[in-house]
Amino acid sequence: MTRKLALLGSAFCLVVSAGAACADDLPVRKAGLWELKMVRTGSAMPDMTMQHCTDETVDKEMNNNVSPMAKQICSKQDIKKTATGYVSDSECNVAGISTTSHAEITGDFNSAYTVKTSSHAQGGAAGAAGHDTAMTLEAKWLGACKPEQKPGDIVMPGGFKMNVRDMDKLKALLPK
């Protein structure tokens, strides 16, 4: 159960990262199947590669679902366009853990994009001294979704499948 919660938490973080890449002032990703590879440094969590079937409606729904949740847990969430892409800075608090994050988003949303995030967490399991992590999300478009997939489906390592339209179920499993 702990491993499943960790995977769900990682998926939630991935969805939030992808959701940040779908904010109103950012391009919507090309419809189809995206491979999302999450590489972390400074964390005990292993690298993860997932596939996400999406379309314009799902990307907009992700933003609409993630934005209110982010507003509840984040006191700061700024996204700005830069010469090379976008920059996002946030300050959030979940389950007694305060996290400050900086993300740089580059690439296009038709074939590939990268989100490089550095975070500092303090409190909770991070301890009083805090903990720094870095994550790179590498996304590449693979083509059309597979016939058995519907927009919103995410296939995680080990074949675990969820749909981002089921975010309420995921939120219920995360610690409060």
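When the letters of the sequence shown are read in order and numbered with mature numbering (1 follows the signal peptide of the UniProt record, and there is no 0), they come out as residues -23 to -1, 1 to 153.
Virtual Cβ for every residue (Gly too), placed ideally from N, Cα, C.
task: Enumerate in chain order the residues of its own chain whose CB-to-CB distance from residue 61 is below 6 Å, with the five nearest sequence positions on each side excluded.
output: As a working note, residue 61 is residue 84 in the sequence shown. 83.
- request: Specify, as a first and last residue, the run of the beta strand (DSSP E) that residue 126 falls within.
  value: Here residue 126 refers to the residue found at position 149 when the sequence shown is read from its first residue. Careful: residue 126 lies outside any beta strand (DSSP E) and carries neither H nor E.
- prompt: At a cut of 8 Å, does the segment 8 to 24 reach the segment 70 to 84 through at least three beta carbon pairs?
  reply: Cβ pair count under 8 Å is below three, so no.
query: Closest by CA to residue 134, which one among 99, 14, 3?
result: Walking along the sequence shown from the start, residue 134 turns up at place 157. It is 14.
query: Can the beta-carbon of residue 55 be found less than 8 Å from the beta-carbon of residue 6?
result: Taking the sequence shown and counting its residues from 1, the one referred to as residue 55 is at position 78. Taking the sequence shown and counting its residues from 1, the one referred to as residue 6 is at position 29. Contact: no.
task: Assign residue 124 to one of two classes, buried (16 or more other C-beta atoms within 10 Å of its C-beta) or exposed (fewer than that).
output: Your numbering for residue 124 matches position 147 in the sequence shown. Exposed is the call here.
task: Go through its chain and collect everything with a Cβ distance to residue 90's Cβ below 6 Å, but skip five positions before and after it.
output: The count along the sequence shown starts at 1 and reaches residue 90 at position 113. Closer than 6 Å at Cβ, skipping near neighbours: 84, 116.
message: Residues in the same chain with beta-carbon distance under 6 Å from residue 109, minus the five sequence neighbours each way, listed in chain order, please.
response: Walking along the sequence shown from the start, residue 109 turns up at place 132. Answer for residue 109: 19, 97, listed in chain order.
query: In three-state DSSP terms, what is residue 7?
result: The sequence position of residue 7 within the sequence shown is 30, counting from 1. Coil at residue 7, not helix or strand.
query: How big is the Cα-Cα spacing for residue 129 and residue 72?
result: Here residue 129 refers to the residue found at position 152 when the sequence shown is read from its first residue. Here residue 72 refers to the residue found at position 95 when the sequence shown is read from its first residue. Rounded to the nearest angstrom, the two C-alpha atoms are 27 Å apart.
- prompt: Helix, strand or coil: which one does DSSP assign to residue 39?
  reply: Looking up residue 39 in the sequence shown gives position 62. In the displayed model, residue 39 falls within a helix according to three-state DSSP.
task: Please determine, among 88, 32, 122, the residue with the shortest C-alpha to C-alpha distance to residue 142.
output: As a position in the sequence shown, residue 142 is number 165, starting the count at 1. Nearest C-alpha to residue 142: 32.
Residue 126 classed as buried or exposed, judged by whether at least 16 other C-beta atoms fall within 10 angstroms: Counting from 1 along the sequence shown, the entry for residue 126 is found at position 149. With 16 or more Cβ atoms within 10 Å of its Cβ, residue 126 is classed as buried.
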